[in-house]
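From first to last, the protein sequence lines stand for chains A and B. With the first sequence counted from 1, adding 11 to any position gets you my numbering. With the second sequence counted from 1, adding 11 to any position gets you my numbering. Below: the structure, in structure tokens.
There are 2 protein chains.
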Amino acid sequence: MRRIAIALVHHPVLDKEGATVTTAITNLDVHDLARSAKTYGCSDYFVVHPITAQRALVEKICEHWTVGSSAQRIPDRKLALALVRVVPSLDDALAALGGRDAVELWVTAARAVAPPLSFADARARLGGEGKPVLIVFGTGWGLAKPVIDAADAALAPIRAQRHEYNHLSVRAACAIALDRLLGER
Amino acid sequence: MRRIAIALVHHPVLDKEGATVTTAITNLDVHDLARSAKTYGCSDYFVVHPITAQRALVEKICEHWTVGSSAQRIPDRKLALALVRVVPSLDDALAALGGRDAVELWVTAARAVAPPLSFADARARLGGEGKPVLIVFGTGWGLAKPVIDAADAALAPIRAQRHEYNHLSVRAACAIALDRLLGER
Chain A
12 MRRIAIALVH
22 HPVLDKEGAT
32 VTTAITNLDV
42 HDLARSAKTY
52 GCSDYFVVHP
62 ITAQRALVEK
72 ICEHWTVGSS
82 AQRIPDRKLA
92 LALVRVVPSL
102 DDALAALGGR
112 DAVELWVTAA
122 RAVAPPLSFA
132 DARARLGGEG
142 KPVLIVFGTG
152 WGLAKPVIDA
162 ADAALAPIRA
172 QRHEYNHLSV
182 RAACAIALDR
192 LLGER
Chain B
12 MRRIAIALVH
22 HPVLDKEGAT
32 VTTAITNLDV
42 HDLARSAKTY
52 GCSDYFVVHP
62 ITAQRALVEK
72 ICEHWTVGSS
82 AQRIPDRKLA
92 LALVRVVPSL
102 DDALAALGGR
112 DAVELWVTAA
122 RAVAPPLSFA
132 DARARLGGEG
142 KPVLIVFGTG
152 WGLAKPVIDA
162 ADAALAPIRA
172 QRHEYNHLSV
182 RAACAIALDR
192 LLGER
């Protein structure tokens, strides 16, 4: 089984009008994605933010839950938040995994952005041997085009059986993606 | 396809020590479960809370997003939050769906609580004809025993392929459960 890491990108992402922006850290994104990552056996959860003060906020949240008072109170949470690695850019996340050439970079999007990699094919790929895979999620209205263009694959958009509406939170989308790729069958 | 509704219960649920407690409303639980419910075609999302002031808080959140200023700003969110129905007890949710005898009540739990209904069997059941199904999620450390004992079925705990750790947020667990039951395959 290959090493799998996730990243949550706060820049460059799109806003509602399609402009490239930087979004703010959301506390529950730190917790929920860390808990999902730990549950599904990911090695790392990169929180990507270009602003120093926002990275410091994430470090503070993680410290509170890994060595602060809450680490004693809820030890399960400590194991999850210990996966968090705070980095200024996606390149830094790639570097931490061995460099761009040593990593397969998969992006996710709520809309079709490229010939999509189906979850079934992606699941089979993860079961074999290969480079570490970094699965990237965007905040705001999704990852900006340069991130998507730089990827090795784009996972298919998550869809329901009977409905055309899709406005999942990134917390929900990440959980569903990891379950489709790594859940018990 | 049967009518499917979800409920998020804040009482009676367990705390870390197994005592029965009432948990506080979390804003992102209102949003995320509504967005997941809408994406997967659920008819209703019952937010169950026995305290009047906490129910008023949920009504205020929903009003802001369905008729207030944010309804214009993010119309997709309005469609999701329009599914929210705030009720004091699970009995009220059942009554809104036609009464206990007219509803199949399914509970969810992170631990095995009864002979579990597998997601594959549950998915097949939903595809046929039958009563409306109410799928119930707990906050805190999960639903209290009386709720579980009153259910017609308990969905199998969500597990990953390669890991024994399970400490998903309710936002993640609800998203995964709905995807397993109602996601595109």
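Yeah, the Cβ is synthetic: ideal placement off N, Cα and C, and Gly gets one too.
A Cβ of chain B is located within less than 7 Å of the beta carbon of A:Y51. Considered as a whole, the region 107 to 146 of chain B harbours 115 to 118 as its complete beta strand (DSSP E) runs of no fewer than 3 residues, in chain order.
Apart from the 5 residues on each side of it in sequence, B:K89 sits with its Cβ closer than 7 Å to the Cβ of W76, T77 and A82 in its chain, given in chain order. Taking a Cβ-Cβ threshold of 7 Å, the residues of chain A close to B:S47 are L179 and A183, in chain order. Judged by DSSP secondary structure, B:L192 falls within the alpha helix (DSSP H) whose first and last residues are V181 to L193. No Cβ of chain A is located within less than 7 Å of the beta carbon of B:A107. Not a single C-beta of chain B is nearer than 7 Å to the C-beta of A:E175.
Neighbours of A:L193 across chain B, judged by C-beta separation under 9 Å: A171, Q172, R173 and H174.
In the three-state scheme derived from DSSP, where H, G and I count as helix and E and B as strand, B:T150 is classed as coil. Looking at A:V147, A:Y51, A:V41 and A:E195, the one whose alpha-carbon comes closest to that of A:D102 is A:V147.
The beta carbon of A:R170 sits closer than 8 Å to the beta carbons of N177 from its chain, once the five residues preceding and following it are set aside; these are given in chain order. The C-beta of B:S47 has 16 or more other C-beta atoms within 10 Å across all chains shown, which makes the residue buried.
Following the DSSP letters along the chain, one finds B:I159 inside the alpha helix (DSSP H) bounded by residues K156 to D160. Judged by DSSP secondary structure, B:I72 falls within the alpha helix (DSSP H) whose first and last residues are T63 to T77. Following the DSSP letters along the chain, one finds B:L19 in no alpha helix (DSSP H) but inside the beta strand (DSSP E) bounded by residues I15 to V20. Counting the other Cβ atoms within 10 Å of the Cβ of A:P23 gives 16 or more, which makes it buried. For A:D43, at least one C-beta of chain B is nearer than 7 Å to its own C-beta.
With a cut-off of 8 Å on Cβ pairs, the region 147 to 166 of chain B is in contact with the region 118 to 130 of chain B, counting three or more such pairs. Put simply, the backbone Cα of B:I36 is about 44 Å away from that of A:A113. Close to B:R136, with beta-carbon spacing below 9 Å, lies no residue of chain A; the smallest spacing is near 14 Å. Close to chain B, meaning a Cβ-Cβ distance shorter than 7 Å, are the following residues of the region 13 to 45 of chain A: L39, H42 and D43. B:S129 and A:P126 have their C-alpha atoms spaced approximately 33 Å apart.
In the assembly as shown, B:D26 is an exposed residue. Its beta-carbon has fewer than 16 other beta-carbons within 10 Å.
For B:R88, no beta strand (DSSP E) encloses it; the enclosing alpha helix (DSSP H) starts and ends at P86 to L92.
Relative to the Cα of A:V58, the nearest Cα in the group A:I85, A:A93 and A:E28 belongs to A:A93.
For A:D26, the secondary structure class from DSSP, reduced to helix, strand or coil, is coil.
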